[in-house]
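Asker: Position one of the sequence shown corresponds to residue 31 (this note's numbering), numbered consecutively onward. C-beta atoms are modelled at their ideal positions from N, C-alpha and C, and glycine is treated no differently. Sharing a structure, written as structure tokens. Questions coming.
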Amino acid sequence: MLKFTLLSLVCAAMLAAQDSDGKLRIIAFGAHPDDCDIRAAGTAAKFAALGHHVKFVAVSNGDAGHQTEGGGALAKRRRAEAIEAGRRIGVTYEVLDNHDGELLPTVDVRQQIIRRIRQWNADIVLAPRPNDYHPDHRYTGVLVQDAAYMVVVPNICPDTPPLRKNPVFLYFEDGFQRPNPFRPDVSVSIDDVFDKKISALDAHVSQVYEWLPWVDGLFDQVPKGHAERRQWLASQREPGIGPAVRKALEKWYGRDKAARVKVAESFEVCEYGRQPSEDDLRRLFPMLGK
Ligand SMILES: [Zn+2]
31 MLKFTLLSLV
41 CAAMLAAQDS
51 DGKLRIIAFG
61 AHPDDCDIRA
71 AGTAAKFAAL
81 GHHVKFVAVS
91 NGDAGHQTEG
101 GGALAKRRRA
111 EAIEAGRRIG
121 VTYEVLDNHD
131 GELLPTVDVR
141 QQIIRRIRQW
151 NADIVLAPRP
161 NDYHPDHRYT
171 GVLVQDAAYM
181 VVVPNICPDT
191 PPLRKNPVFL
201 YFEDGFQRPN
211 PFRPDVSVSI
221 DDVFDKKISA
231 LDAHVSQVYE
241 WLPWVDGLFD
251 QVPKGHAERR
261 QWLASQREPG
271 IGPAVRKALE
281 KWYGRDKAAR
291 VKVAESFEVC
301 EYGRQPSEDD
311 LRRLFPMLGK
């Protein structure tokens, strides 16, 4: 008990120190080491460039995501790729040691997430929606939703001090239509950091040049040279902007600027955390409109 109390005091002091620089603290959860990058590397790079603190967490270690490799060796390779991707955009990357393809919304994994959100003293939490083709993605969405209230409850995970202020939780963009389509509450133009985003994705060699093209039947198209394959990667990652995102861009950037945006990352406010006003969102996403 005494040990827990001392630990809590040390953690509280660390949180107070983190608070004192006046910068925002953002934590993003993806099921696999590359999911956060795919959905939010551009926005994360913008936060980091402004001096804000961003952490990406992969909830599983990715040990099933390859056609010829697997297990501990693959998990080790993917952890190194993730850390390098984070380094390239100024983001801290942590990979949790849960098996890929077997993630379940258990109390144990929920507690791993609650502790990470508290330790980061998050203002913003990003995660997938719980509608997705991949069970690990779905359950990551459920797990973060399940943590959204518990992060302020002192009797849950009492070894890690609770947050006194519930963060704002937002979902990454996806294309799933059922039970309801994604709603872009916040859309960030990432044109000026698109190259950085590609640089982060380029670090996930086992995924973007090996596993994903293989599983999509595009493996033969991946160029051999580094510059060529990076250019190919960039060409794969410009999905275009649909009407809902264009409308959100108009809201935050004005019609003229919004019309010129080529690549954006969008987020939907989750109903379970703190509910932000429009002014709150402008404060939490200071790159909007710029
Ligand atoms: Zn994934």
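Comparing the CB of Asp-65 with every heavy atom of ligand 1, is any distance shorter than 6 angstroms?
Answerer: Yes; taking the cut-off as 6 angstroms, the Cβ of Asp-65 has a heavy atom of ligand 1 nearer than that.
Asker: Leaving aside the five residues before and after Ala-338 along the sequence, list all residues of the same chain whose C-beta is less than 6 angstroms from its C-beta, in chain order.
Answerer: Shown here, the chain extends from 31 to 320; a query on residue 338 therefore has no answer.
Asker: Gly-116 by DSSP, collapsed to three states: which one?
Answerer: Helix at Gly-116.
Asker: Do Arg-260 and Asp-222 come within 7 angstroms of each other at the CB atom, strictly closer than that value?
Answerer: The answer is no: Cβ separation not under 7 angstroms.
Asker: Can you list, in chain order, the residues of its chain whose CB lies under 6 angstroms from that of Ala-46, leaving out five sequence neighbours each side?
Answerer: Residue placement at Ala-46 cannot be trusted, given a pLDDT of 49 that sits under 50; what the coordinates show is reported in the next sentence. Same-chain partners within the cutoff: there are none.
Asker: Tell me whether the region 246-258 and the region 180-187 touch, counting them as touching only if at least three CB pairs, one residue from each stretch, are closer than 8 angstroms.
Answerer: These segments do not touch.
Asker: Between the alpha carbons of Lys-277 and Pro-211, how many angstroms are there, rounded?
Answerer: Computed Cα separation, rounded: 15 angstroms.
Asker: For Leu-314, which residues in the same chain have their Cβ closer than 8 angstroms to its Cβ, ignoring the five residues on either side in sequence?
Answerer: For Leu-314, where only same-chain residues beyond five positions count, the Cβ hits under 8 angstroms are Leu-54, Asp-153, Ile-154, Val-198, Pro-306.
Asker: Do the CB positions of Gly-131 and Ala-88 come within less than 7 angstroms of each other?
Answerer: Their beta carbons are not under 7 angstroms apart, which means Gly-131 does not touch Ala-88 by this criterion.
Asker: What are the start and end residues of each continuous beta strand (DSSP E) run of 3 or more residues lying completely inside the region 280-308, in chain order?
Answerer: Here the runs fully enclosed are 294-299.
Asker: Would you check whether ligand 1 has a heavy atom nearer than 6 angstroms to the C-beta of His-234?
Answerer: Result no, Cβ not under 6 angstroms from ligand 1.
Asker: Measuring straight from C-alpha to C-alpha, what distance separates Ile-271 and Glu-203?
Answerer: Spanning the two alpha carbons is a distance of roughly 12 angstroms.
Asker: Does the beta-carbon distance from Cys-66 to Ala-75 come in below 7 angstroms?
Answerer: The answer is no: Cβ separation not under 7 angstroms.
Asker: Taking the DSSP output, what are the residues bridged to Leu-54?
Answerer: The partner list for Leu-54 (beta bridge, DSSP) is empty, contrary to what the question assumes.
Asker: Under 8 angstroms by Cβ, that's how I've got Asp-93 and Gln-237 pegged, so tell me the actual separation to the nearest angstrom.
Answerer: Actually they do not touch by this definition, with Cβ atoms about 13 angstroms apart.
Asker: Could you check the C-alpha separation between Tyr-179 and Asp-166 for me, to the nearest Å?
Answerer: Between Tyr-179 and Asp-166, the C-alpha separation is close to 21 angstroms.
Asker: How long is the line joining the alpha carbons of Arg-312 and Gly-101, rounded to whole angstroms?
Answerer: Distance between the alpha carbons of Arg-312 and Gly-101: 43 angstroms.
Asker: With Ile-154 as the anchor, note down where its alpha helix (DSSP H) starts and where it stops.
Answerer: Element bounds for Ile-154: not the alpha helix (DSSP H) but the beta strand (DSSP E), 154-157.
Asker: Give every residue of the same chain whose Cβ lies closer than 7 angstroms to the Cβ of Tyr-239, excluding the five residues on either side of it in the sequence, and list them in chain order.
Answerer: Val-252, Arg-259, listed in sequence order.
Asker: Out of curiosity, what's the CA-to-CA distance linking Glu-324 and Asp-51?
Answerer: The question about residue 324 has no answer, for the chain in this structure spans 31 to 320.
Asker: Here's the rule: buried if 16 or more other CB atoms are within 10 angstroms of the residue's CB, otherwise exposed. What is Gly-116?
Answerer: Buried, because 16 or more other Cβ atoms sit within 10 Å of the Cβ of Gly-116.
Asker: Specify whether the region 170-179 and the region 76-84 touch according to this definition: at least 3 beta carbon pairs, one from each stretch, less than 8 angstroms apart.
Answerer: No: fewer than three Cβ pairs fall under 8 angstroms.
Asker: Quick one: grab the DSSP three-state call for Thr-122.
Answerer: In this structure, Thr-122 counts as strand in the three-state DSSP scheme.
Asker: Which one or two residues does DSSP pair with Lys-85 in a beta bridge?
Answerer: Beta-bridge pairing links Lys-85 to Ile-57, Thr-122.
Asker: For ligand 1, is there any heavy atom lying closer than 6 angstroms to the beta carbon of Ala-177?
Answerer: No, ligand 1 has no heavy atom inside 6 angstroms of this Cβ.
Asker: Considering only their Cβ atoms, is the gap separating Val-291 from Ser-219 smaller than 7 angstroms?
Answerer: For Ser-219 and Val-291, yes; Cβs fall inside 7 angstroms.
Asker: When the Cα atoms are used, what is the spatial distance from Gln-149 to Pro-191?
Answerer: Between Gln-149 and Pro-191, the C-alpha separation is close to 8 angstroms.
Asker: Is DSSP giving Ser-236 helix, strand or coil here?
Answerer: The answer is helix: DSSP assigns Ser-236 an H, G or I state.
Asker: Look up Phe-212 in the DSSP assignment and say whether it is helix, strand or coil.
Answerer: Looking at Phe-212 - three-state DSSP - the assignment turns out to be coil, as it is neither helix nor strand.
Asker: For Phe-34, which of helix, strand or coil comes out of DSSP?
Answerer: Only weak support is given to the placement of Phe-34: the predicted model assigns it a pLDDT of 49, under 50, and the question is left unresolved by the model.
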